[in-house]
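Number of protein chains: 2
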Amino acid sequence: MATEKNTMLIFGGTGDLAYRKLAPALYNLYLEEKLPPHFSLIGIGRKEKSSAIYREELAAAIKKYSAHSWKEDLWPDLAERMEYLSCNLTDDASYQELKQELKKRSESAENHNLLFYLAVAPQLFVPIAEHLGRNQLSLSAKGWRRIMIEKPFGFDLGSARTLNDALCSAFEEQNIYRVDHYLGKEMLQNIMVIRFANAVFEPLWNNRFIEQVQISATEVEGIGDRGRYYDHAGAMRDMIQSHLMQMLAVVAMEPPFDIDPGTIRRTKVELFDAVRLWPEEDKGGNLVLGQYRGYSEEKDVAPGTKTETFAALKLAIDNKRWQGVPFYLRTGKKLQEKQAKIVIQFKTPPPVCPWLLEDDVRADGGLPPNILTLKVQPSEGVVFQFNIKKPATASEIVAVDMDFCQPCAFLINTPEAYEKLLADAFNGDLSRFSSWDEIEKAWNLIDTIFYNRQDGADQPCSYDPGSWGPEEADLMLKAAGYRWWN
Amino acid sequence: MATEKNTMLIFGGTGDLAYRKLAPALYNLYLEEKLPPHFSLIGIGRKEKSSAIYREELAAAIKKYSAHSWKEDLWPDLAERMEYLSCNLTDDASYQELKQELKKRSESAENHNLLFYLAVAPQLFVPIAEHLGRNQLSLSAKGWRRIMIEKPFGFDLGSARTLNDALCSAFEEQNIYRVDHYLGKEMLQNIMVIRFANAVFEPLWNNRFIEQVQISATEVEGIGDRGRYYDHAGAMRDMIQSHLMQMLAVVAMEPPFDIDPGTIRRTKVELFDAVRLWPEEDKGGNLVLGQYRGYSEEKDVAPGTKTETFAALKLAIDNKRWQGVPFYLRTGKKLQEKQAKIVIQFKTPPPVCPWLLEDDVRADGGLPPNILTLKVQPSEGVVFQFNIKKPATASEIVAVDMDFCQPCAFLINTPEAYEKLLADAFNGDLSRFSSWDEIEKAWNLIDTIFYNRQDGADQPCSYDPGSWGPEEADLMLKAAGYRWWN
Chain A
20 MATEKNTMLI FGGTGDLAYR KLAPALYNLY LEEKLPPHFS LIGIGRKEKS
70 SAIYREELAA AIKKYSAHSW KEDLWPDLAE RMEYLSCNLT DDASYQELKQ
120 ELKKRSESAE NHNLLFYLAV APQLFVPIAE HLGRNQLSLS AKGWRRIMIE
170 KPFGFDLGSA RTLNDALCSA FEEQNIYRVD HYLGKEMLQN IMVIRFANAV
220 FEPLWNNRFI EQVQISATEV EGIGDRGRYY DHAGAMRDMI QSHLMQMLAV
270 VAMEPPFDID PGTIRRTKVE LFDAVRLWPE EDKGGNLVLG QYRGYSEEKD
320 VAPGTKTETF AALKLAIDNK RWQGVPFYLR TGKKLQEKQA KIVIQFKTPP
370 PVCPWLLEDD VRADGGLPPN ILTLKVQPSE GVVFQFNIKK PATASEIVAV
420 DMDFCQPCAF LINTPEAYEK LLADAFNGDL SRFSSWDEIE KAWNLIDTIF
470 YNRQDGADQP CSYDPGSWGP EEADLMLKAA GYRWWN
Chain B
20 MATEKNTMLI FGGTGDLAYR KLAPALYNLY LEEKLPPHFS LIGIGRKEKS
70 SAIYREELAA AIKKYSAHSW KEDLWPDLAE RMEYLSCNLT DDASYQELKQ
120 ELKKRSESAE NHNLLFYLAV APQLFVPIAE HLGRNQLSLS AKGWRRIMIE
170 KPFGFDLGSA RTLNDALCSA FEEQNIYRVD HYLGKEMLQN IMVIRFANAV
220 FEPLWNNRFI EQVQISATEV EGIGDRGRYY DHAGAMRDMI QSHLMQMLAV
270 VAMEPPFDID PGTIRRTKVE LFDAVRLWPE EDKGGNLVLG QYRGYSEEKD
320 VAPGTKTETF AALKLAIDNK RWQGVPFYLR TGKKLQEKQA KIVIQFKTPP
370 PVCPWLLEDD VRADGGLPPN ILTLKVQPSE GVVFQFNIKK PATASEIVAV
420 DMDFCQPCAF LINTPEAYEK LLADAFNGDL SRFSSWDEIE KAWNLIDTIF
470 YNRQDGADQP CSYDPGSWGP EEADLMLKAA GYRWWN
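Top to bottom, those sequences are chains A and B.
Under the working numbering, the residue at position 135 of the first sequence is numbered 154, and the numbers go up by one with no gaps.
Under the working numbering, the residue at position 82 of the second sequence is numbered 101, and the numbers go up by one with no gaps.
This is how it looks when you write it as structure tokens:
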């Protein structure tokens, strides 16, 4: 009898996320021998489908999306642990069937751990959680029961609370893995190391030395066929509330005194407590919502839609470290480039050497600032812009880049976010998942922003596809004397 | 009648320095239209030689050593301003001839400026200066008289004073251009900009953040046929007293409050006043002299010679900024690599996050330090070593490099040091030349070091050609817990 069995159940096993991300991640973990002992997978969907067909579909997806090459000889061993089950996810009978199936498998093991992955439409989150609870699938004395859930985690604070209550009534808090896949990205994990393990950066990471911070996640693509979801959500709910807030957290949070997930989460919550829209005292404003031209003609989008496909915010962090430093967050669809990055602009030098500002330099508006760029995607890296004397001139000062390119330095495939997040869930490591408290605070910010908008301000600014968003977003920075570092 | 004529006179016009460095520098300045108006050159040597032959020799040298390509069509215009004069440099009659020649040329100009360049053996410095003074060649109301002089500027403080007195009795201090060609190097000029025009570096440039500094200028070649000079001088007098002390100056000096050459020189002197050998309290010592195996068999070297071809020093700077920070200086012949660079090792992080030091990291002796390397030659650049999380690991920390390569970033020929130094002398800019006060302080340090050596300590340690010098130099750092960053 096996001591321990591990079964992962994907609700939405035939969906985009399962094929594109989860199956390749499992395959990679298998190759790297990081799957837990006696692992098996049950893909759950509405349609009738044989396990044989399902395996073929998974194989095709893995070949297409995995960064690892295809190993024909190893596949059968993994494939035979993968099965398909057809379920009606809103019917208790289906859950009873599932329970019988799992019971059968449990007989040959001392402990049988279950990981439920919710890769389904958000309106199914609450019903599934309730069904799992009601049918005693979410608690057991013989092995753990964990649930992983993808964003959107609610539509606003109220709906997020409803969802969380449903999850919490079925699962214990420490078994709820709220996925924000940005937290699985190498660079986000790296930022805490970069901040706290470098003698040069650590003492500069505050309002004495930092002038402003820009956090952006821009996309070239439009909404594709996600109109039904997206038109209801928009950029603020889809990106700012989740990924951008998490990027903000790793850049701005205080150093956690240990690496216990609880400590890290509390430290983030403390930060979020201090985050607010920048007090509107300059004419640039603190919020710009935009919509790309042609958005209202997209599939499944409501006529006359006012949903924003672009958002730029100017945030303040009301604590000792960040008093006075604006944090600009920006995200949008159909923009000029796909990139996620954090740009730290340092204050221009103190007048230690006033003569450095003489003549041409002063005429040109002062010295170029030092800028540290943390590149999150598409490729990871760190770039530091600093000033040198231009060669062959007497004292002309120019800004140049020092560059660290992570894929160039390490000839290994950077692990996919989902690979790490699944491994974490198997291992019971919550540190790269969002806590309810973080989500609650983030929703609170978004709700407050929407609630406080003036009447008639709900029509987003238009922008051309392929641009960097509406002109108003540039003006917001210009009013403060800055510009976006694109 | 021309308003202004400019004539440069090279004593030692047929020597190595004239052919390799000065002629190519003049040619480059000519191409860049940076020669002063109505420029002409008089090469002065012992041998009889026609100006035609001399021009051919200069052309050959320029073709070989200039970074610019050869322009056959432009050469005649430059060549016809170049003449050769045979002189006995220790005979007043020769100086009277020279005076007549110059007088003739002066007739057609309102002002006739003269730049005397001493590219001769050091024992001729004093006689030439005296002859120039005695024959009224060093002062004039009709145009300036300047003198440029190459190291060695004396053999010790006493002989340096004698030389300086001879120069000063003939020339005014502001017309004495004491060449240390390292001061003409791009990166040395750049370091003040890097230090003072970057908000990130400026606040870190002190003993709160910097652990130790290493300044090295190492050579692969031996002494060649410079034995006669070198065996009398050695590494301390040849390199440490001049180039290494100037590298130390730009890294460690206080920010000068303006760019007046007088201010910069005073600021350097203040630094040199505070420099001393590190108090000998650890067993690693503070001075290692070495001699490469086979040196005593080199040409023109005394049998049983005790001259050092390698020197490594541990210096202290007794001021507020640098209290407690060791500055290691190192130079030598026949070492593994030719490089001149300054390496700044920052203190390892303060315990802001003790958990970063857990497990494997702590076992391995702590976090790698942040290191800033300023590359002076052979190629200029800046490299910053910092710590990141190793990709695909949970929290393994590795040091990586950010790199700025100056020749890659600017597709221009970095001007040769001599090109800039000659242009400075023509323009009357003293900022890149050593003042007597600096030289005096540097000799004072060297003399003190030699004077205080213990009896019997005068035999240098042996080292193998192609190594990084004697083992004792490694032990000096090891005793303090460091190592050379080669």
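Quick reminder that beta carbons are idealized off the backbone N, C-alpha and C, glycines included.
In chain A, which residues lie less than 7 Å from residue i when you measure between Cβ atoms?
{"i": "Glu205(B)", "result": "Pro410"}
Where DSSP assigns a beta bridge to residue i, which residues make up the other side?
{"i": "Glu23(A)", "result": "Asn130(A)"}
{"i": "Tyr196(A)", "result": "Met167(A)"}
{"i": "Lys333(A)", "result": "Tyr347(A)"}
{"i": "Arg526(B)", "result": "This structure cannot settle anything about residue 526(B), because the visible part of chain B is limited to 20 through 505."}
{"i": "Lys360(B)", "result": "Ser235(B) and Lys394(B)"}
{"i": "Gly309(A)", "result": "Phe329(A) and Cys480(A)"}
{"i": "Phe135(A)", "result": "Leu28(A) and Ile166(A)"}
{"i": "Ser486(A)", "result": "Leu354(A)"}
Could you check whether the Cβ of residue i sits closer than 8 Å to any Cβ belonging to chain A?
{"i": "Gln208(B)", "result": "yes"}
{"i": "Val401(B)", "result": "yes"}
{"i": "Thr467(B)", "result": "no"}
{"i": "Lys366(B)", "result": "yes"}
{"i": "Met27(B)", "result": "no"}
{"i": "Pro345(B)", "result": "no"}
{"i": "Asn389(B)", "result": "yes"}
{"i": "Phe445(B)", "result": "no"}
I want to verify the contact list: residues of chain D whose CB lies under 7 Å from the CB of residue i, in sequence order.
{"i": "Pro434(B)", "result": "Going by chain labels, chain D is absent from the structure shown, which instead holds the protein chains A and B."}
Where does the unbroken alpha helix (DSSP H) through residue i begin, and where does it stop?
{"i": "Gly500(B)", "result": "Per DSSP, Gly500(B) belongs to no alpha helix (DSSP H) and is neither H nor E."}
{"i": "Met266(A)", "result": "Met264 to Ala271"}
{"i": "Leu441(B)", "result": "Ala436 to Asn446"}
{"i": "Asp466(A)", "result": "Trp455 to Tyr470"}
{"i": "Met211(A)", "result": "Glu205 to Phe215"}
{"i": "Ser178(B)", "result": "Leu176 to Ala189"}
{"i": "Pro43(A)", "result": "Ala42 to Leu50"}
Between which two residues does the beta strand (DSSP E) holding residue i run?
{"i": "Leu60(B)", "result": "Phe58 to Gly64"}
{"i": "Lys408(A)", "result": "Gly400 to Lys408"}
{"i": "Gln231(A)", "result": "Ile229 to Thr237"}
{"i": "Ile416(B)", "result": "Ile416 to Cys424"}
{"i": "Glu102(B)", "result": "Met101 to Ser105"}
Using a cut-off of 9 Å between C-beta atoms, extract the partners of residue i located in chain A.
{"i": "Asp184(B)", "result": "Simply none; closest approach about 33 Å."}
{"i": "Pro280(B)", "result": "None at all; the shortest Cβ gap to chain A is about 12 Å."}
Can you find a CB in chain B that lies within less than 8 Å of the CB of residue i?
{"i": "Val419(A)", "result": "yes"}
{"i": "Glu491(A)", "result": "no"}
{"i": "Asp422(A)", "result": "yes"}
{"i": "Asn130(A)", "result": "no"}
{"i": "Tyr38(A)", "result": "no"}
{"i": "Phe228(A)", "result": "yes"}
{"i": "Ile416(A)", "result": "yes"}
{"i": "Leu386(A)", "result": "yes"}
{"i": "Ala44(A)", "result": "no"}
{"i": "Phe429(A)", "result": "yes"}
List the residues of chain B that residue i touches, going by C-beta distances under 7 Å, in chain order.
{"i": "Asn406(A)", "result": "Val212, Ala216 and Asn217"}
{"i": "Gln425(A)", "result": "Pro410"}
Name the chain A residues that come within less than 8 Å of residue i, Cβ to Cβ?
{"i": "Phe452(B)", "result": "None at all; the shortest Cβ gap to chain A is about 15 Å."}
Is it buried or exposed, residue i, if we count other Cβ atoms within 10 angstroms and call 16 or more buried?
{"i": "Asn446(A)", "result": "exposed"}
{"i": "Phe452(B)", "result": "buried"}
{"i": "Ser235(A)", "result": "buried"}
{"i": "Glu205(A)", "result": "buried"}
{"i": "Leu494(B)", "result": "exposed"}
{"i": "Gln142(B)", "result": "exposed"}
Please list, in chain order, the chain B residues whose beta carbon lies closer than 9 Å to that of residue i.
{"i": "Leu223(A)", "result": "Ala218, Val219, Pro222 and Leu223"}
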